[in-house]
(Lines of atoms letter the chains of each structure in order from A and count residues from 1; the text may use other names and numbers.)
(Lines give C-alpha, C1' and ligand atoms only; values in the text may rest on other atoms or scores of the structure.)
Protein backbone atom coordinates (compact mmCIF):
# COMPACT_ATOMS: atom_id res chain seq x y z
CA UNK A 1 0.00 0.00 0.00
CA UNK A 2 1.21 3.49 -0.75
CA UNK A 3 1.36 4.63 2.87
CA UNK A 4 3.92 1.95 3.62
CA UNK A 5 6.54 3.26 1.20
CA UNK A 6 9.88 3.49 2.92
CA UNK A 7 9.04 0.72 5.39
CA UNK A 8 11.11 -2.40 5.77
CA UNK A 9 9.71 -5.48 7.44
CA UNK A 10 11.65 -6.93 10.36
CA UNK A 11 9.52 -10.08 10.44
CA UNK A 12 6.25 -11.09 8.79
CA UNK A 13 3.70 -8.70 10.22
CA UNK A 14 -0.05 -8.64 10.53
CA UNK A 15 -2.03 -8.37 7.33
CA UNK A 16 -1.79 -4.78 6.04
CA UNK A 17 -4.93 -2.69 6.12
CA UNK A 18 -5.97 0.04 3.77
CA UNK A 19 -5.10 3.60 4.67
CA UNK A 20 -6.58 6.84 3.51
CA UNK A 21 -4.59 9.87 2.46
CA UNK A 22 -5.58 13.34 1.48
CA UNK A 23 -4.30 15.00 -1.63
CA UNK A 24 -0.53 14.84 -1.78
CA UNK A 25 0.87 17.43 0.58
CA UNK A 26 4.55 18.29 0.53
CA UNK A 27 6.23 20.70 2.89
CA UNK A 28 9.26 22.41 1.39
CA UNK A 29 12.16 22.90 3.74
CA UNK A 30 15.17 24.94 2.69
CA UNK A 31 18.60 23.64 3.62
CA UNK A 32 20.12 26.76 5.13
CA UNK A 33 22.68 25.23 7.46
CA UNK A 34 24.15 22.48 5.32
CA UNK A 35 24.62 18.91 6.37
CA UNK A 36 25.38 18.29 10.02
CA UNK A 37 26.88 14.99 11.23
CA UNK A 38 24.89 12.80 13.60
CA UNK A 39 26.10 12.87 17.18
CA UNK A 40 27.78 9.72 18.56
CA UNK A 41 24.69 8.93 20.65
CA UNK A 42 22.41 9.29 17.60
CA UNK A 43 24.66 7.01 15.52
CA UNK A 44 24.57 4.48 18.34
CA UNK A 45 20.84 3.94 17.82
CA UNK A 46 21.59 2.69 14.30
CA UNK A 47 23.71 -0.20 15.52
CA UNK A 48 22.42 -3.50 14.03
CA UNK A 49 21.29 -4.84 17.41
CA UNK A 50 20.13 -1.52 18.83
CA UNK A 51 17.84 0.00 16.21
CA UNK A 52 15.41 1.63 18.64
CA UNK A 53 12.13 3.45 18.06
CA UNK A 54 10.07 5.42 20.54
CA UNK A 55 6.33 4.81 20.34
CA UNK A 56 4.07 7.42 21.96
CA UNK A 57 0.40 6.53 22.40
CA UNK A 58 -2.11 9.32 23.02
CA UNK A 59 -5.82 8.87 23.64
CA UNK A 60 -8.25 11.55 22.44
CA UNK A 61 -11.71 12.27 23.75
CA UNK A 62 -12.88 13.45 20.30
CA UNK A 63 -12.63 12.09 16.79
CA UNK A 64 -9.42 12.97 14.92
CA UNK A 65 -9.60 14.99 11.70
CA UNK A 66 -6.57 14.03 9.56
CA UNK A 67 -6.76 17.09 7.30
CA UNK A 68 -6.56 19.36 10.32
CA UNK A 69 -3.56 17.43 11.66
CA UNK A 70 -1.74 17.65 8.33
CA UNK A 71 -2.47 21.35 8.01
CA UNK A 72 -0.91 22.09 11.41
CA UNK A 73 2.16 19.88 11.09
CA UNK A 74 3.74 22.22 8.56
CA UNK A 75 4.22 25.06 11.04
CA UNK A 76 4.79 22.99 14.18
CA UNK A 77 6.56 19.64 14.14
CA UNK A 78 8.08 20.01 10.68
CA UNK A 79 9.73 23.26 11.70
CA UNK A 80 12.05 21.18 13.84
CA UNK A 81 15.12 20.32 11.73
CA UNK A 82 15.33 16.72 12.96
CA UNK A 83 11.80 15.99 11.75
CA UNK A 84 12.48 17.40 8.30
CA UNK A 85 15.87 15.83 7.60
CA UNK A 86 17.09 12.60 6.08
CA UNK A 87 19.98 10.66 7.53
CA UNK A 88 22.38 10.11 4.64
CA UNK A 89 25.89 8.71 4.40
CA UNK A 90 28.79 10.83 3.20
CA UNK A 91 31.77 9.54 1.22
CA UNK A 92 33.33 8.16 4.39
CA UNK A 93 30.20 6.27 5.39
CA UNK A 94 29.37 8.71 8.22
CA UNK A 95 25.72 9.63 8.73
CA UNK A 96 24.71 13.26 8.34
CA UNK A 97 21.49 15.24 8.62
CA UNK A 98 20.28 16.53 5.24
CA UNK A 99 17.23 18.81 5.03
CA UNK A 100 14.59 17.59 2.60
CA UNK A 101 11.05 18.06 1.35
CA UNK A 102 8.63 16.32 3.68
CA UNK A 103 5.83 14.40 1.98
CA UNK A 104 3.09 14.09 4.59
CA UNK A 105 1.52 11.21 2.65
CA UNK A 106 4.38 9.05 3.87
CA UNK A 107 4.16 10.24 7.45
CA UNK A 108 0.47 10.61 8.33
CA UNK A 109 -1.26 7.24 8.11
CA UNK A 110 -4.98 6.71 8.66
CA UNK A 111 -6.04 3.03 8.70
CA UNK A 112 -9.42 2.18 7.20
CA UNK A 113 -10.48 -1.25 8.48
CA UNK A 114 -13.31 -3.01 6.73
CA UNK A 115 -16.77 -2.16 8.08
CA UNK A 116 -17.92 -4.41 10.94
CA UNK A 117 -14.52 -6.13 10.97
CA UNK A 118 -13.55 -4.90 14.44
CA UNK A 119 -15.19 -7.08 17.05
CA UNK A 120 -12.90 -6.07 19.91
CA UNK A 121 -11.61 -2.49 19.41
CA UNK A 122 -9.14 -2.56 22.31
CA UNK A 123 -7.46 -5.67 20.95
CA UNK A 124 -7.47 -4.27 17.42
CA UNK A 125 -5.62 -1.11 18.51
CA UNK A 126 -3.19 -3.16 20.61
CA UNK A 127 -2.44 -5.43 17.65
CA UNK A 128 -1.96 -2.44 15.36
CA UNK A 129 0.59 -0.86 17.69
CA UNK A 130 2.38 -4.16 18.17
CA UNK A 131 2.55 -4.50 14.40
CA UNK A 132 4.58 -1.28 14.25
CA UNK A 133 7.40 -3.04 16.09
CA UNK A 134 7.73 -5.38 13.11
CA UNK A 135 8.71 -2.64 10.68
CA UNK A 136 11.39 0.00 10.39
CA UNK A 137 11.48 3.23 8.40
CA UNK A 138 14.01 3.55 5.59
CA UNK A 139 16.22 6.49 6.58
CA UNK A 140 17.26 7.10 2.97
CA UNK A 141 13.67 7.71 1.86
CA UNK A 142 12.11 9.89 4.56
CA UNK A 143 12.68 11.44 7.99
CA UNK A 144 12.47 8.78 10.69
CA UNK A 145 9.01 9.35 12.11
CA UNK A 146 5.39 8.65 11.26
CA UNK A 147 2.02 9.47 12.77
CA UNK A 148 -0.85 6.96 12.88
CA UNK A 149 -4.39 8.28 13.42
CA UNK A 150 -6.76 5.57 14.65
CA UNK A 151 -10.39 6.68 14.69
CA UNK A 152 -11.35 3.54 16.57
CA UNK A 153 -13.34 3.96 19.77
CA UNK A 154 -11.86 1.96 22.65
CA UNK A 155 -12.70 1.64 26.33
CA UNK A 156 -10.26 4.47 27.11
CA UNK A 157 -10.61 6.94 24.24
CA UNK A 158 -12.71 8.02 21.29
CA UNK A 159 -9.62 7.89 19.07
CA UNK A 160 -5.92 7.09 19.40
CA UNK A 161 -2.81 8.79 18.03
CA UNK A 162 0.38 6.75 17.71
CA UNK A 163 3.61 8.63 17.06
CA UNK A 164 6.60 6.49 16.10
CA UNK A 165 10.00 8.20 16.24
CA UNK A 166 13.46 6.77 15.80
CA UNK A 167 15.54 7.25 18.94
CA UNK A 168 18.30 8.97 16.96
CA UNK A 169 16.01 12.01 16.69
CA UNK A 170 16.15 12.64 20.44
CA UNK A 171 15.52 11.27 23.90
CA UNK A 172 12.16 10.89 25.60
CA UNK A 173 12.48 14.05 27.68
CA UNK A 174 13.17 16.24 24.64
CA UNK A 175 10.39 14.62 22.62
CA UNK A 176 7.82 15.15 25.37
CA UNK A 177 8.76 18.82 25.56
CA UNK A 178 8.49 19.07 21.78
CA UNK A 179 5.00 17.55 21.75
CA UNK A 180 3.87 19.98 24.43
CA UNK A 181 5.36 22.85 22.43
CA UNK A 182 3.14 21.82 19.50
CA UNK A 183 -0.03 22.21 21.61
CA UNK A 184 -1.96 25.23 22.85
CA UNK A 185 -4.33 25.93 25.73
CA UNK A 186 -8.04 25.38 25.11
CA UNK A 187 -8.89 28.60 26.94
CA UNK A 188 -6.27 30.56 24.97
CA UNK A 189 -5.40 29.06 21.56
CA UNK A 190 -2.37 31.36 21.27
CA UNK A 191 -0.81 30.36 24.60
CA UNK A 192 1.50 27.45 25.30
CA UNK A 193 0.55 25.03 28.08
CA UNK A 194 1.98 25.89 31.49
CA UNK A 195 4.23 23.44 33.29
CA UNK A 196 4.75 23.73 37.05
CA UNK A 197 8.37 24.01 38.07
CA UNK A 198 10.05 23.13 41.33
CA UNK A 199 12.35 25.68 42.87
CA UNK A 200 15.68 24.39 44.07
CA UNK A 201 16.76 25.12 47.59
CA UNK A 202 20.28 26.42 47.77
CA UNK A 203 22.47 25.80 50.78
CA UNK A 204 23.85 29.08 52.07
CA UNK A 205 27.38 29.24 53.46
CA UNK A 206 26.78 32.53 55.20
CA UNK A 207 26.16 32.91 58.91
CA UNK A 208 28.12 32.59 62.13
CA UNK A 209 31.56 31.00 62.26
CA UNK A 210 30.39 27.82 64.01
CA UNK A 211 27.44 27.39 61.68
CA UNK A 212 29.62 27.94 58.63
CA UNK A 213 32.11 25.29 59.77
CA UNK A 214 29.26 22.86 60.38
CA UNK A 215 27.91 23.41 56.89
CA UNK A 216 31.35 22.90 55.37
CA UNK A 217 31.67 19.62 57.28
CA UNK A 218 28.27 18.51 55.97
CA UNK A 219 29.29 19.36 52.42
CA UNK A 220 32.60 17.56 52.80
CA UNK A 221 30.81 14.47 54.08
CA UNK A 222 28.27 14.71 51.25
CA UNK A 223 31.09 14.89 48.69
CA UNK A 224 32.95 11.96 50.30
CA UNK A 225 29.84 9.77 50.19
CA UNK A 226 29.24 10.80 46.57
CA UNK A 227 32.74 9.70 45.55
CA UNK A 228 32.46 6.45 47.53
CA UNK A 229 29.08 5.58 46.02
CA UNK A 230 30.37 6.33 42.54
CA UNK A 231 33.43 4.12 42.97
CA UNK A 232 31.30 1.25 44.30
CA UNK A 233 28.71 1.62 41.52
CA UNK A 234 31.32 1.77 38.77
CA UNK A 235 33.02 -1.31 40.23
CA UNK A 236 29.71 -3.21 40.34
CA UNK A 237 29.00 -2.09 36.80
CA UNK A 238 32.35 -3.39 35.58
CA UNK A 239 31.93 -6.68 37.45
CA UNK A 240 28.47 -7.12 35.93
CA UNK A 241 29.87 -6.52 32.46
CA UNK A 242 32.54 -9.18 32.99
CA UNK A 243 30.92 -12.05 34.87
CA UNK A 244 28.23 -11.15 37.45
CA UNK A 245 25.08 -12.29 35.67
CA UNK A 246 21.45 -12.13 36.74
CA UNK A 247 19.62 -15.21 37.92
CA UNK A 248 17.91 -17.19 35.17
CA UNK A 249 14.24 -16.28 35.54
CA UNK A 250 11.17 -16.31 33.27
CA UNK A 251 11.84 -12.59 32.72
CA UNK A 252 15.21 -13.15 31.06
CA UNK A 253 15.00 -12.95 27.28
CA UNK A 254 16.71 -15.36 24.94
CA UNK A 255 19.22 -14.19 22.29
CA UNK A 256 17.70 -12.33 19.35
CA UNK A 257 15.19 -10.36 21.43
CA UNK A 258 16.12 -7.15 19.59
CA UNK A 259 14.79 -8.63 16.34
CA UNK A 260 11.47 -9.91 17.65
CA UNK A 261 8.18 -7.99 17.73
CA UNK A 262 6.93 -6.55 20.99
CA UNK A 263 3.55 -6.27 22.65
CA UNK A 264 2.54 -2.93 24.23
CA UNK A 265 -0.08 -3.01 26.98
CA UNK A 266 -0.93 -0.40 29.57
CA UNK A 267 -3.07 0.36 32.59
CA UNK A 268 -4.18 3.69 33.99
CA UNK A 269 -4.21 4.09 37.75
CA UNK A 270 -5.07 6.94 40.10
CA UNK A 271 -2.29 9.44 40.73
CA UNK A 272 -4.05 10.26 44.00
CA UNK A 273 -3.31 6.71 45.21
CA UNK A 274 0.35 7.19 44.31
CA UNK A 275 0.46 10.51 46.17
CA UNK A 276 -1.28 9.00 49.19
CA UNK A 277 1.49 6.41 49.50
CA UNK A 278 4.17 9.01 48.74
CA UNK A 279 3.04 11.38 51.48
CA UNK A 280 2.51 8.65 54.06
CA UNK A 281 6.01 7.22 53.55
CA UNK A 282 7.92 10.47 52.94
CA UNK A 283 8.86 9.19 49.50
CA UNK A 284 8.64 10.43 45.92
CA UNK A 285 6.36 9.43 43.06
CA UNK A 286 9.30 7.60 41.47
CA UNK A 287 9.90 5.68 44.71
CA UNK A 288 6.30 4.51 44.73
CA UNK A 289 6.41 3.61 41.03
CA UNK A 290 9.49 1.46 41.61
CA UNK A 291 7.91 -0.06 44.72
CA UNK A 292 4.74 -1.21 42.98
CA UNK A 293 6.83 -2.47 40.06
CA UNK A 294 8.94 -4.61 42.39
CA UNK A 295 5.82 -5.92 44.08
CA UNK A 296 4.13 -6.66 40.75
CA UNK A 297 7.18 -8.48 39.36
CA UNK A 298 7.39 -10.53 42.56
CA UNK A 299 3.74 -11.58 42.24
CA UNK A 300 4.21 -12.40 38.56
CA UNK A 301 7.35 -14.50 39.12
CA UNK A 302 5.78 -16.28 42.08
CA UNK A 303 2.93 -17.35 39.81
CA UNK A 304 5.35 -18.48 37.08
CA UNK A 305 7.44 -20.54 39.49
CA UNK A 306 4.23 -22.02 40.86
CA UNK A 307 3.30 -23.14 37.35
CA UNK A 308 6.74 -24.73 37.01
CA UNK A 309 6.22 -26.65 40.24
CA UNK A 310 2.84 -27.92 39.07
CA UNK A 311 4.18 -28.97 35.68
CA UNK A 312 6.97 -30.93 37.38
CA UNK A 313 4.54 -32.69 39.69
CA UNK A 314 5.55 -30.72 42.79
CA UNK A 315 2.92 -29.22 45.04
CA UNK A 316 2.55 -25.45 44.72
CA UNK A 317 3.08 -23.43 47.91
CA UNK A 318 2.34 -19.85 48.93
CA UNK A 319 5.89 -18.68 48.23
CA UNK A 320 7.33 -20.38 45.14
CA UNK A 321 10.18 -17.93 44.61
CA UNK A 322 13.75 -19.28 44.72
CA UNK A 323 15.95 -17.69 47.35
CA UNK A 324 18.39 -14.89 46.56
CA UNK A 325 17.15 -14.00 43.07
CA UNK A 326 19.49 -11.48 41.47
CA UNK A 327 17.48 -9.33 39.08
CA UNK A 328 18.60 -5.92 37.88
CA UNK A 329 17.14 -3.32 35.60
CA UNK A 330 18.82 -0.72 33.43
CA UNK A 331 17.32 2.59 34.52
CA UNK A 332 17.62 5.46 32.05
CA UNK A 333 18.36 8.86 33.58
CA UNK A 334 18.10 12.24 31.87
CA UNK A 335 21.39 14.10 32.43
CA UNK A 336 20.26 17.61 31.62
CA UNK A 337 17.10 19.65 32.07
CA UNK A 338 14.63 19.08 29.27
CA UNK A 339 14.43 21.76 26.65
CA UNK A 340 11.76 24.21 27.76
CA UNK A 341 8.56 24.21 25.75
CA UNK A 342 8.91 27.96 25.17
CA UNK A 343 12.41 27.48 23.75
CA UNK A 344 11.18 24.71 21.45
CA UNK A 345 8.18 26.77 20.37
CA UNK A 346 10.51 29.65 19.50
CA UNK A 347 12.76 27.26 17.60
CA UNK A 348 9.84 26.09 15.44
CA UNK A 349 8.44 29.59 14.92
CA UNK A 350 11.61 31.70 14.67
CA UNK A 351 14.38 29.19 13.84
CA UNK A 352 16.14 29.87 17.14
CA UNK A 353 18.32 27.27 18.85
CA UNK A 354 17.22 24.96 21.68
CA UNK A 355 18.79 22.11 23.59
CA UNK A 356 18.24 18.80 21.83
CA UNK A 357 19.64 15.31 21.50
CA UNK A 358 20.21 12.12 23.47
CA UNK A 359 21.69 12.90 26.88
CA UNK A 360 20.97 9.66 28.72
CA UNK A 361 22.88 7.89 31.45
CA UNK A 362 22.33 4.31 32.55
CA UNK A 363 22.07 3.01 36.10
CA UNK A 364 22.00 -0.63 37.17
CA UNK A 365 19.05 -0.85 39.53
CA UNK A 366 18.68 -3.96 41.74
CA UNK A 367 15.08 -5.20 41.80
CA UNK A 368 13.81 -6.61 45.09
CA UNK A 369 12.11 -9.94 44.26
CA UNK A 370 10.45 -11.33 47.38
CA UNK A 371 7.06 -11.79 49.00
CA UNK A 372 6.95 -9.39 51.94
CA UNK A 373 4.22 -9.74 54.52
CA UNK A 374 4.08 -5.97 54.87
CA UNK A 375 3.42 -4.50 51.39
CA UNK A 376 4.99 -1.20 52.43
CA UNK A 377 8.39 -2.90 52.50
CA UNK A 378 8.53 -2.72 48.69
CA UNK A 379 8.31 1.09 48.76
CA UNK A 380 10.76 1.37 51.67
CA UNK A 381 13.36 -0.66 49.80
CA UNK A 382 12.68 1.22 46.58
CA UNK A 383 13.24 4.54 48.34
CA UNK A 384 16.51 3.31 49.85
CA UNK A 385 17.73 2.14 46.44
CA UNK A 386 16.73 5.31 44.59
CA UNK A 387 18.18 7.63 47.25
CA UNK A 388 21.43 5.71 47.05
CA UNK A 389 21.55 5.95 43.23
CA UNK A 390 20.79 9.67 43.29
CA UNK A 391 23.92 10.19 45.36
CA UNK A 392 26.22 8.71 42.74
CA UNK A 393 27.79 9.71 39.43
CA UNK A 394 27.18 6.31 37.86
CA UNK A 395 24.84 7.77 35.22
CA UNK A 396 27.45 10.30 34.09
CA UNK A 397 30.09 7.59 33.90
CA UNK A 398 27.90 5.29 31.80
CA UNK A 399 26.97 8.19 29.50
CA UNK A 400 30.65 8.62 28.72
CA UNK A 401 30.88 4.96 27.66
CA UNK A 402 27.35 4.67 26.23
CA UNK A 403 28.45 2.65 23.20
CA UNK A 404 30.02 0.00 25.44
CA UNK A 405 26.97 -0.02 27.73
CA UNK A 406 24.49 -0.59 24.92
CA UNK A 407 26.58 -3.31 23.29
CA UNK A 408 26.92 -5.12 26.62
CA UNK A 409 23.32 -4.91 27.78
CA UNK A 410 21.36 -4.28 24.57
CA UNK A 411 17.59 -4.59 24.25
CA UNK A 412 15.76 -6.33 27.08
CA UNK A 413 12.71 -8.57 27.02
CA UNK A 414 10.76 -6.24 29.30
CA UNK A 415 10.51 -2.46 29.59
CA UNK A 416 8.15 -0.59 31.92
CA UNK A 417 7.45 3.15 31.62
CA UNK A 418 5.37 5.43 33.85
CA UNK A 419 3.74 8.66 32.69
CA UNK A 420 1.49 10.94 34.75
CA UNK A 421 -1.14 13.22 33.25
CA UNK A 422 -3.56 15.40 35.26
CA UNK A 423 -4.76 13.08 38.05
CA UNK A 424 -3.89 9.81 36.33
CA UNK A 425 -0.79 7.67 36.07
CA UNK A 426 -0.36 5.32 33.12
CA UNK A 427 2.24 2.60 33.07
CA UNK A 428 3.15 0.84 29.85
CA UNK A 429 4.59 -2.66 29.59
CA UNK A 430 6.64 -3.30 26.44
CA UNK A 431 7.29 -7.03 26.30
CA UNK A 432 8.90 -9.53 24.01
CA UNK A 433 6.07 -12.00 23.44
CA UNK A 434 8.41 -14.99 23.48
CA UNK A 435 9.67 -14.00 26.93
CA UNK A 436 6.44 -12.69 28.45
CA UNK A 437 3.48 -14.18 26.58
CA UNK A 438 0.97 -12.75 29.08
CA UNK A 439 1.84 -9.06 29.61
CA UNK A 440 -1.75 -8.33 30.64
CA UNK A 441 -1.23 -10.54 33.68
CA UNK A 442 1.88 -8.59 34.62
CA UNK A 443 -0.10 -5.35 34.36
CA UNK A 444 -2.78 -6.80 36.59
CA UNK A 445 -0.17 -7.87 39.15
CA UNK A 446 1.20 -4.31 39.28
CA UNK A 447 -2.31 -2.88 39.74
CA UNK A 448 -3.04 -5.41 42.49
CA UNK A 449 0.23 -4.51 44.21
CA UNK A 450 -0.72 -0.83 44.19
CA UNK A 451 -4.06 -1.67 45.80
CA UNK A 452 -2.39 -3.73 48.54
CA UNK A 453 0.15 -1.01 49.31
CA UNK A 454 -2.54 1.69 49.29
CA UNK A 455 -4.72 -0.32 51.69
CA UNK A 456 -1.71 -0.95 53.94
CA UNK A 457 -1.00 2.78 54.11
CA UNK A 458 -4.54 3.40 55.31
CA UNK A 459 -3.97 1.10 58.29
CA UNK A 460 -2.40 3.12 61.14
CA UNK A 461 -0.48 0.14 62.47
CA UNK A 462 1.23 -0.46 59.13
CA UNK A 463 2.76 3.01 59.09
CA UNK A 464 4.28 2.46 62.51
CA UNK A 465 6.06 -0.82 61.74
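Residue numbers (UniProt numbering): 1 to 465. For every residue, glycine included, the Cβ atom is placed at its ideal position computed from N, Cα and C.
Who are the Cβ neighbours of residue i in its own chain at under 8 Å, not counting the five residues just before and after it?
i           : result
residue 396 : 335 and 361
residue 230 : 392, 393, 394 and 397
residue 318 : 371
residue 399 : 335, 359, 360, 361 and 362
residue 301 : 249, 250, 251, 321, 325 and 369
residue 315 : 309
When the Cα atoms are used, what is the spatial distance from residue i to residue j?
i           : j           : result
residue 178 : residue 77  : 8 Å
residue 291 : residue 430 : 19 Å
residue 422 : residue 428 : 17 Å
residue 149 : residue 108 : 7 Å
residue 436 : residue 414 : 8 Å
residue 470 : residue 226 : There is simply no residue 470 to check, as the chain begins at 1 and stops at 465 in what is shown.
residue 332 : residue 419 : 14 Å
residue 246 : residue 138 : 36 Å
residue 255 : residue 249 : 14 Å
residue 439 : residue 294 : 15 Å
residue 267 : residue 444 : 8 Å
residue 188 : residue 175 : 23 Å
residue 36  : residue 80  : 14 Å
residue 42  : residue 56  : 19 Å
residue 257 : residue 223 : 40 Å
residue 458 : residue 378 : 16 Å
residue 456 : residue 442 : 21 Å
residue 275 : residue 425 : 11 Å
residue 323 : residue 387 : 25 Å
residue 126 : residue 190 : 35 Å
residue 382 : residue 141 : 45 Å
residue 375 : residue 286 : 17 Å
residue 136 : residue 38  : 19 Å
residue 54  : residue 452 : 32 Å
residue 283 : residue 271 : 14 Å
residue 124 : residue 309 : 35 Å
residue 113 : residue 244 : 49 Å
residue 172 : residue 385 : 23 Å
Can you name the start and end residues of the alpha helix (DSSP H) that residue i belongs to?
i           : result
residue 361 : Residue 361 -> not in any alpha helix (DSSP H); beta strand (DSSP E) instead, spanning 360-366.
residue 67  : 66-73
residue 440 : 439-457
residue 303 : 285-311
residue 43  : 40-44
residue 400 : 394-400
Which residues in the same chain as residue i place their Cβ atom closer than 7 Å to its Cβ, once the five residues preceding and following it in sequence are excluded?
i           : result
residue 63  : 151, 158 and 159
residue 90  : 96
residue 450 : 269, 273 and 292
residue 329 : 365 and 367
residue 228 : none
residue 233 : 392 and 394
Pop quiz: residue i and residue j are said to be a contact at Cβ under 8 Å. What is the actual Cβ separation, rounded to whole angstroms?
i           : j           : result
residue 51  : residue 170 : Rounded, the Cβ-Cβ distance is 16 Å, inconsistent with contact.
residue 327 : residue 240 : Between residue 240 and residue 327 the Cβ distance is about 12 Å, and since that is not below 8 Å, they are no contact.
residue 321 : residue 371 : 6 Å
residue 264 : residue 166 : The pair is not a contact, with the Cβ atoms about 17 Å apart (cut-off 8 Å).
residue 535 : residue 94  : The requested residue 535 does not occur in the structure, where the chain is confined to residues 1 to 465.
residue 110 : residue 66  : 5 Å
residue 299 : residue 412 : Not confirmed; about 20 Å, so no contact.
residue 454 : residue 277 : 6 Å
residue 432 : residue 253 : 5 Å
residue 129 : residue 162 : 6 Å
residue 168 : residue 262 : Actually they are not in contact, since the Cβ atoms of residue 168 and residue 262 sit about 19 Å apart, beyond 8 Å.
Over what stretch of residues does the beta strand (DSSP E) that includes residue i continue unbroken?
i           : result
residue 141 : Here residue 141 belongs to no beta strand (DSSP E), and DSSP marks it neither H nor E.
residue 120 : Looking at the DSSP string, residue 120 is not in any beta strand (DSSP E), and its letter there is neither H nor E.
residue 262 : 262-270
residue 387 : Here residue 387 belongs to no beta strand (DSSP E); instead the alpha helix (DSSP H) covers 376-390.
residue 164 : 159-166
residue 50  : Segment: none, residue 50 is in no beta strand (DSSP E) and carries neither H nor E.
residue 370 : Premise fails: residue 370 is in no beta strand (DSSP E) and is neither H nor E.
residue 176 : Where residue 176 is concerned, there is no enclosing beta strand (DSSP E), although the alpha helix (DSSP H) it sits in stretches over 172-181.
residue 420 : 414-421
residue 428 : 424-432
residue 320 : Residue 320 -> no beta strand (DSSP E), and no H or E assigned at all.
residue 334 : 328-334
Which same chain residues end up closer than 6 Å to residue i when comparing Cβ atoms and leaving out the 5 residues on each side of it in sequence?
i           : result
residue 389 : 363
residue 417 : 428
residue 446 : 292 and 296
### Message
What ranges does the alpha helix (DSSP H) occupy inside the region 204-257, keeping only unbroken runs of at least 4 residues that lie completely in it?
### Response
209-242
### Task
Could you pull out every unbroken beta strand (DSSP E) segment of at least 3 residues lying fully inside the region 77-128, listed in chain order?
85-89, 95-99 and 108-111
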